[in-house]
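Quick notes on the structure that follows.
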Amino acid sequence: MKLTVIGLGYIGLPTGLLFASKGVDVVGVDINSNVVEGLNNGKLHIEETGMEELLHASLAAGNFKASLEVETADYYIVAVPTPYLPDNSCDLSYMKEAIAKLKDVLKKGDTIIIESTIAPRTMEDVAAPMIAAYGYEIGENIFLAHCPERVLPGKIIEEMVHNNRIIGGITPNCAKKAKELYLTLVKGEIFETKASTAEMSKLMENTYRDVNIALANELVKISDSLGINALDVIQLANEHPRVNIHFPGPGVGGHCLAVDPYFIVASDRADAKLIAISREINSSMPAFVIGKAKKIMAAKNGKRITVLGLTYKGNIDDIRESPALEIYHQLKRETDFEIVAQDSHVNLDWVEADIKKH
1 MKLTVIGLGY IGLPTGLLFA SKGVDVVGVD INSNVVEGLN NGKLHIEETG MEELLHASLA
61 AGNFKASLEV ETADYYIVAV PTPYLPDNSC DLSYMKEAIA KLKDVLKKGD TIIIESTIAP
121 RTMEDVAAPM IAAYGYEIGE NIFLAHCPER VLPGKIIEEM VHNNRIIGGI TPNCAKKAKE
181 LYLTLVKGEI FETKASTAEM SKLMENTYRD VNIALANELV KISDSLGINA LDVIQLANEH
241 PRVNIHFPGP GVGGHCLAVD PYFIVASDRA DAKLIAISRE INSSMPAFVI GKAKKIMAAK
301 NGKRITVLGL TYKGNIDDIR ESPALEIYHQ LKRETDFEIV AQDSHVNLDW VEADIKKH
């Protein structure tokens, strides 16, 4: 069995290496020549527990190589970025480019799997027509499915193996063909469903958390205005057996929780009102934190603020959508305090170079 993984980032690389560890012949494709060269020389460009050992073992066994070009395979996994556009809709340009690269290497019987997080109906309305235009009949002589990743940075290697997976096929045959690949790796349950159901399920997993975090963050703001300790409120409210208020924070970060709800909102703005306002609440928290910091500094006549941690969660190197980084940037730009940061997982040189004083 041969697998080509397109996109060697936080999801694509561990996915490829894990399949390689199971004896699958894997080619990992990326457009960054430095990434490709580094991986082939045993050097990682991202930080994740257990991945360095996987890379070295896979290279030694000859089951993995990185390449700038897509090679023919039996299975193709697309794991490219899907950021959001200015209107908060899903940017599918990278996914479309990846699918376009498959045109000259696909053959009858191949299976294409999109792992990138995508908006509802993307598989049916965008991916499927592209593959069909290459002359294939989806579900008959080519197979197309969506298998969204569901992992926590810092535990990606463990969770890719042990978490349950959802596979949404354009047809039932598509889901079955994709499942055959994941059975070589996944120890959790694998659920087959429609592509659109898989898309929405992934988005709602993260939206559920975002909405509940927004409730906690709104409670913090209300309690602050009323002179009440929000953490005491949460602790006591959670003593009720059917209440579980989330822990509040400076916002929501990462490429999933802070982005996925927008894809639902952009798909149905009229009905996704709660989801939209939750995004607004969580996005407002960095400004709330900065306001509190300014008040504390004024009361103490303070001159220096140290930001401990710039990633969106602890013990990872992922700064995507990090509220801590936003707070750091805004403090540097908008105040005259001495602002310093400490994060052993982040290169502070480029963080400093990225900031311009208004």
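So in full-length UniProt numbering, spot 147 of the sequence shown is number 147, and the numbers just go up one at a time.
Note that beta-carbon positions come from the ideal geometry of N, C-alpha and C, so glycine has one too.
Just so it is clear, the structure is predicted and the values come from calculations on it, not from any experiment.
I'd like the list of long-range same chain contacts for residue i, defined as Cβ closer than 8 Å, with 5 residues on each side in sequence excluded.
| i | result |
| --- | --- |
| residue 68 | 29, 30, 31, 33 and 36 |
| residue 356 | Caution applies to residue 356, whose pLDDT of 45 falls short of 50 and renders its modelled position unreliable; the value that the coordinates give is listed next. Cβ neighbours of residue 356 beyond the five flanking positions: 333. |
| residue 264 | 119, 120, 200, 203, 204, 207, 272 and 275 |
| residue 358 | Its pLDDT being 34, under 50, residue 358 is placed unreliably in this model, and the value from its coordinates should be taken loosely. 333 and 334. |
| residue 301 | none |
| residue 238 | 244 and 245 |
Is it true that the CB of residue j sits closer than 8 Å to the CB of residue i?
| i | j | result |
| --- | --- | --- |
| residue 166 | residue 148 | yes |
| residue 306 | residue 330 | no |
| residue 7 | residue 78 | yes |
| residue 210 | residue 252 | yes |
| residue 184 | residue 19 | yes |
| residue 126 | residue 161 | no |
| residue 113 | residue 178 | yes |
| residue 163 | residue 191 | no |
| residue 124 | residue 196 | yes |
| residue 75 | residue 3 | yes |
| residue 250 | residue 153 | no |
| residue 61 | residue 39 | no |
| residue 53 | residue 44 | no |
| residue 173 | residue 139 | yes |
| residue 108 | residue 142 | yes |
Please go through the same chain and pick out, in chain order, the residues whose beta-carbon is closer than 7 Å to the beta-carbon of residue i, but skip the five residues on each side of it.
| i | result |
| --- | --- |
| residue 91 | 82, 83, 84 and 85 |
| residue 317 | 46, 47, 311, 345 and 346 |
| residue 370 | Residue 370 cannot be examined here, being either before or after the span of the chain that is shown, 1 to 358. |
| residue 11 | 79, 115 and 149 |
| residue 338 | 303 and 304 |
| residue 233 | 219 and 223 |
| residue 158 | none |
| residue 102 | 70, 76 and 112 |
| residue 22 | 184 and 185 |
| residue 348 | 341 |
| residue 58 | 17, 20, 21 and 64 |
At which residues does the beta strand (DSSP E) containing residue i begin and terminate?
| i | result |
| --- | --- |
| residue 3 | 2-6 |
| residue 67 | 64-67 |
| residue 263 | Note, residue 263: premise wrong, no beta strand (DSSP E); alpha helix (DSSP H) at 260-267. |
| residue 304 | 304-308 |
| residue 111 | 111-114 |
| residue 341 | 338-342 |
| residue 170 | Segment: none, residue 170 is in no beta strand (DSSP E) and carries neither H nor E. |
Looking only at its own chain, which residues have a Cβ that is under 6 Å from the Cβ of residue i, when we skip the five neighbours before and after it?
| i | result |
| --- | --- |
| residue 248 | 216, 217 and 220 |
| residue 279 | 261 |
| residue 9 | none |
| residue 189 | 164 |
Taking Cβ positions only, does residue i come closer than 8 Å to chain B?
| i | result |
| --- | --- |
| residue 301 | Annotation note: the requested chain B is absent from the structure, which comprises a single protein chain. |
On the CB-based measure, 16 or more other CB atoms within 10 Å of its CB, does residue i come out buried or exposed?
| i | result |
| --- | --- |
| residue 319 | buried |
| residue 93 | exposed |
| residue 282 | buried |
| residue 181 | buried |
| residue 99 | buried |
| residue 402 | Any answer about residue 402 is impossible in this case: the structure gives the chain only from 1 up to 358. |
| residue 129 | exposed |
For the putative contact between residue i and residue j, defined by C-beta atoms under 8 Å, what is the C-beta separation to the nearest angstrom?
| i | j | result |
| --- | --- | --- |
| residue 272 | residue 89 | Going by Cβ atoms, the distance from residue 272 to residue 89 rounds to 12 Å, so no, they are not a contact pair. |
| residue 228 | residue 289 | Going by Cβ atoms, the distance from residue 228 to residue 289 rounds to 18 Å, so no, they are not a contact pair. |
| residue 42 | residue 26 | Incorrect: roughly 15 Å between the Cβ atoms, too far for contact. |
| residue 168 | residue 145 | 6 Å |
Counting along the chain, where does the alpha helix (DSSP H) carrying residue i start and finish?
| i | result |
| --- | --- |
| residue 318 | Careful: residue 318 lies outside any alpha helix (DSSP H) and carries neither H nor E. |
| residue 145 | Careful: residue 145 lies outside any alpha helix (DSSP H), inside the beta strand (DSSP E) at 143-146. |
| residue 231 | 230-237 |
| residue 197 | 195-226 |
| residue 159 | 156-162 |
| residue 242 | That residue, residue 242, is in no alpha helix (DSSP H); it is neither H nor E in DSSP. |
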